[in-house]
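Numbering (the numbering used here), first residue to last: 329 to 725. All C-beta atoms in this analysis are idealised placements derived from N, C-alpha and C, irrespective of residue type, glycine included. Bear in mind the structure is a predicted one, so any value in this text is a computation, not a measurement. To keep things clear, I will list the structure first and then write my remarks on it.
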């Protein structure tokens with residue numbers, strides 16, 4: 329709390345005094361940057377954006393936009409001038425560049441020592457093994473014959489092959505049923521990780537946020553439903569999830585964040601197995617699709633808490649506002665006039681929350697999402713699904 333001397337000068341008890349609000353440098357101009365920028369506006373936080381093009385989702389709305397290549401160190405260094413902290417809406421900035429920024433005295437959150445575990449699936453699996461985090465059977469394979477050997481070491485085909493870097497939304501991931509199928513992943517000339525095909529009943533996600541001084545908050549564990557390798561629907565909290573297992577998932581995510589030194593938002597994507605276990609599938613060290621429901625369904629959204637964390641501000645309450653919240657992604661289809669669908673969607677459901685990303689509509693492309701909330705899960709699901717399908721043009725009534 330502030331106190332005042334006889335001269336009227338404001339003093340902040342135990343906290344440093346700032347003359348201006350901080351500047352957050354965001355590398356990446358996608359929808360995650362757009363929504364993170366939105367969350368910082370009520371706090372008066374200034375954003376500086378490094379974007380590939382002026383048409384990128386966040387570049388359309390941010391006040392200070394630098395167009396440049398995040399893979400170029402000189403560009404990153406110039407962009408970082410005047411920023412109080414650097415954060416990201418993707419994990420693709422070269423690790424050595426992030427170390428160079430830190431050596432220049434620029435706070436990078438999450439830092440390269442943490443972020444490499446989201447950049448490189450081989451590094452992630454090795455580190456998770458050392459801390460005892462439950463994972464599918466896995467190892468790096470050298471060639472198609474080695475992938476076949478990996479399959480034979482377990483229960484045979486099918487197995488999963490992943491490029492260790494660069495994959496997302498189903499890209500860089502192969503469901504391999506035969507020895508011949510194992511040839512395709514190696515054509516890119518990058519290391520390949522083999523994993524067992526897990527017998528899972530559903531996919532879950534544990535989202536947490538951690539600050540530099542170690543404060544952390546955990547959101548309710550959610551169910552994530554995929555269609556063709558892309559997140560389609562998220563239900564918060566995950567229906568019929570045993571309370572003890574939900575607690576284990578939250579504790580696991582918090583432990584991973586601490587052990588890896590994560591600062592900011594961490595999404596731990598999980599398999600819930602048929603025999604009642606949870607296994608780590610992927611890590612994301614940025615706001616995540618499985619946390620979009622928090623924009624309308626939680627007291628403090630994942631985006632607002634990510635901003636707070638990278639600035640080392642006290643974190644906000646992650647509790648849900650309603651018994652159920654459902655997020656459905658809006659994918660592009662053959663009906664580009666999504667704005668024309670607003671009249672129907674808003675009139676049908678005045679509580680519906682629509683979030684669009686300013687992207688050109690292309691078939692299968694994520695162009696927005698909708699959130700619904702309420703007391704009855706079936707009703708909340710139906711409202712979200714109807715709105716997403718109507719916006720896409722899948723249904724017309």
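In the DSSP assignment, what residue or residues form a beta bridge with residue 630?
-> Numbered from its first residue, the chain shown carries residue 630 at position 302. According to DSSP, residue 630 bridges with nothing at all.
Nearest to residue 615 by CA position, among 628, 604, 603, is which residue?
-> As a first step, residue 615 must be located in the chain shown, where it is residue number 287. When only C-alpha atoms are compared, the closest one is 628.
Could you round the C-beta distance between residue 595 and residue 612 to whole angstroms and report it? I think they count as a contact, below 8 Å.
-> Start at 1 with the first residue of the chain shown, and residue 595 comes out as number 267. Start at 1 with the first residue of the chain shown, and residue 612 comes out as number 284. About 4 Å separates the two Cβ atoms, so the contact holds.
Cβ of residue 483 within 6 Å of any heavy atom in the ligand FAD?
-> Absent from the structure shown: the ligand FAD. Ligands present: none.
According to DSSP, what are the bridge partners of residue 502?
-> The sequence position of residue 502 within the chain shown is 174, counting from 1. Residue 502 is bridged to 489.
Report the three-state DSSP secondary structure of residue 723 (helix, strand or coil).
-> Within the chain shown, residue 723 is the residue found at index 395, counting from 1. Reduced to three states, the DSSP call for residue 723 is coil.
Quick one: which unbroken beta strand (DSSP E) runs of 3-plus residues sit fully inside the region 414-481? Chain order, please.
-> 466-469
Between the CA atoms of residue 711 and residue 671 - distance to the nearest angstrom | Residue mapping note: residue 671 aligns to position 343 of the chain shown, counting from 1. Residue mapping note: residue 711 aligns to position 383 of the chain shown, counting from 1. In a straight line, the C-alpha of residue 671 is about 15 Å away from that of residue 711.
CA-CA distance, residue 419 and residue 443?
-> Position 91 of the chain shown, counted from the first residue, corresponds to residue 419. Position 115 of the chain shown, counted from the first residue, corresponds to residue 443. The alpha-carbon atoms of residue 419 and residue 443 are separated by roughly 7 Å.
Classify residue 586 as helix, strand or coil using the three-state DSSP reduction.
-> Looking up residue 586 in the chain shown gives position 258. Residue 586 falls in the helix class under three-state DSSP.
Starting from residue 354, follow the beta strand (DSSP E) in both directions and report where the run begins and ends.
-> Mapped onto the chain shown, residue 354 falls at position 26. Element bounds for residue 354: 351-355.
By how many angstroms is the C-alpha of residue 397 removed from the C-alpha of residue 590?
-> Position 262 of the chain shown, counted from the first residue, corresponds to residue 590. Position 69 of the chain shown, counted from the first residue, corresponds to residue 397. Cα-Cα distance, rounded: 25 Å.
Have a look at 387, 571, 539 and flag the residue whose alpha-carbon is nearest the alpha-carbon of residue 354.
-> For the purposes of this step, residue 354 is identified with residue 26 of the chain shown, where counting begins at 1. It is 387 whose Cα lies nearest to the Cα of residue 354.
Taking residue 539 and residue 441 to be in contact with their CB atoms under 8 Å, please state how far apart those CB atoms are, rounded to whole angstroms.
-> Position 211 of the chain shown, counted from the start, is the residue given in the question as residue 539. Position 113 of the chain shown, counted from the start, is the residue given in the question as residue 441. That pair is no contact at about 17 Å.
Pick from 482, 656, 453: whose alpha carbon is nearest that of residue 550?
-> Here residue 550 refers to the residue found at position 222 when the chain shown is read from its first residue. Among 482, 656, 453, the Cα nearest to that of residue 550 is on 656.
Cβ contact check for the region 540-547 and the region 510-520: 3 or more pairs under 8 Å = no
Look at the Cβ atom of residue 552, then the Cβ atom of residue 524, and state whether they are nearer than 7 Å.
-> Taking the chain shown and counting its residues from 1, the one referred to as residue 552 is at position 224. Taking the chain shown and counting its residues from 1, the one referred to as residue 524 is at position 196. It is not a contact, given that the beta carbons lie outside the stated cut-off.
With a Cβ-Cβ cutoff of 7 Å, do residue 673 and residue 701 count as a contact?
-> Here residue 673 is taken as the residue at index 345 of the chain shown, counted from 1. Here residue 701 is taken as the residue at index 373 of the chain shown, counted from 1. Against a cut-off of 7 Å, the Cβ pair of residue 701 and residue 673 comes out as no contact.
Consult DSSP for residue 373 and reduce its assignment to one of helix, strand or coil.
-> As a working note, residue 373 is residue 45 in the chain shown. Coil, per DSSP.
Starting from the C-beta of residue 336, find all residues in its chain whose C-beta is less than 6 Å away, skip the five residues before and the five after it, and write them out in chain order.
-> Mapped onto the chain shown, residue 336 falls at position 8. For residue 336, the predicted model reports a pLDDT of 43, less than 50, meaning its position is unreliable and no value from the coordinates is stated.
Does DSSP put residue 549 in a helix, in a strand, or in coil?
-> For the purposes of this step, residue 549 is taken as the residue at position 221 of the chain shown. Coil, per DSSP.
Who are the near neighbours of residue 584 in its chain, counting only those whose CB is closer than 8 Å to its CB and skipping five residues on each side?
-> For the purposes of this step, residue 584 is taken as residue 256 along the chain shown, with counting starting at 1. For residue 584, where only same-chain residues beyond five positions count, the Cβ hits under 8 Å are 456, 459, 461, 590, 594, 596, 608, 611.
Excluding five sequence neighbours on each side, which residues of the same chain lie with their C-beta closer than 8 Å to the C-beta of residue 706?
-> As a first step, residue 706 must be located in the chain shown, where it is residue number 378. None.
Reduced DSSP category for residue 622 - H, G, I as helix; E, B as strand; rest coil | Taking the first residue of the chain shown as position 1, residue 622 is located at position 294. Three-state result, residue 622: helix.
What does a CB cutoff of less than 6 Å around residue 664 pick up in its chain, not counting 5 residues either side in sequence?
-> Position 336 of the chain shown, counted from the start, is the residue given in the question as residue 664. Within the same chain, residue 664 has close Cβ partners 689.
Thinking residue 695 and residue 660 are a contact (beta carbons under 8 Å), I'd like their distance in whole angstroms, please.
-> Here residue 695 is taken as the residue at index 367 of the chain shown, counted from 1. Here residue 660 is taken as the residue at index 332 of the chain shown, counted from 1. Right, their Cβ atoms sit about 5 Å apart.
Using the Cα positions of residue 581 and residue 536, report the straight-line distance between them to the nearest angstrom.
-> As a working note, residue 581 is residue 253 in the chain shown. As a working note, residue 536 is residue 208 in the chain shown. Using only the alpha carbons, I get a separation of about 7 Å.
Please report how far the alpha carbon of residue 624 lies from the alpha carbon of residue 412, in whole angstroms.
-> The count along the chain shown starts at 1 and reaches residue 624 at position 296. The count along the chain shown starts at 1 and reaches residue 412 at position 84. For residue 624 and residue 412, the distance between alpha carbons rounds to 29 Å.
Neighbour-count burial assignment, residue 331, 16 or more Cβ in a 10 Å radius = The residue labelled residue 331 in the question sits at position 3 within the chain shown. Confidence in residue 331 is poor, its pLDDT being 44 and thus under 50, which makes the residue's placement too unreliable to answer from.
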